[in-house]
Amino acid sequence: MTEGEKLFRVKFRLPIDHSFDGSPEKKHHHVIEIAIEFVCPEDTELFSSVKGAEQSAKEVLDIYRNKFLNEFEEFGNNTTIENVGEVLFKKLYPLFKEKHRDIIRFEISETPLRVYAIVTETE
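In my numbering, the protein residues as written are 9 to 131.
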């Protein structure tokens with residue numbers, strides 16, 4: 009982060025179903041929490057920037073809301089919290105970057121005691 013940039017953190021709760029072996033008979037439910045920390049340049053209109061970031065993230069995440077993640081090709085039948093985090097981060101990062109927002113930390117958790125984080129470096 010450079011001087012003058014503003015740091016924001018937005019959170020989402022995403023109800024999903026998955027099974028470790030891909031079997032619909034063994035699916036179970038989670039409400040995962042996703043937190044995205046991003047910076048905005050000093051000259052950005054902050055309210056609209058944060059609102060836009062929330063909307064972009066919501067559009068990506070809503071695809072998976074209340075769905076069986078094993079049915080989505082992008083997860084490769086690996087629906088561990090780590091893989092789900094990697095897939096979602098790879099979808100969200102370019103959307104944020106496109107709008108001049110740098111994600112500096114992405115967290116995903118299925119419980120408050122188990123959090124997977126991806127941290128990026130900003131110039």
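Glycine residues also receive a C-beta, built at the ideal position from the N, C-alpha and C atoms.
Source: prediction; values computed, not measured.
- Non-local beta-carbon contacts of VAL68 in its own chain, meaning distances under 8 Å to residues more than five positions away in sequence, involve LEU96, LYS99, LEU100 and LEU103 in chain order.
- For the 8 Å CB-CB criterion, LEU15 and GLU41 do not form a contact.
- Under the three-state reduction of DSSP, LYS19 is assigned to strand.
- In this chain, the alpha helix (DSSP H) harbouring TYR101 covers 89-106.
- Beta-bridge partners assigned by DSSP to LYS14: CYS48.
- Boundaries of the beta strand (DSSP E) harbouring THR119: 110-119, taken from the DSSP string.
- When DSSP states are grouped into helix, strand and coil, GLU67 belongs to the helix group.
- LYS75 sits in a strand when the DSSP states are folded into three classes.
- Here the alpha carbon of GLU33 sits roughly 11 Å from the alpha carbon of PHE76.
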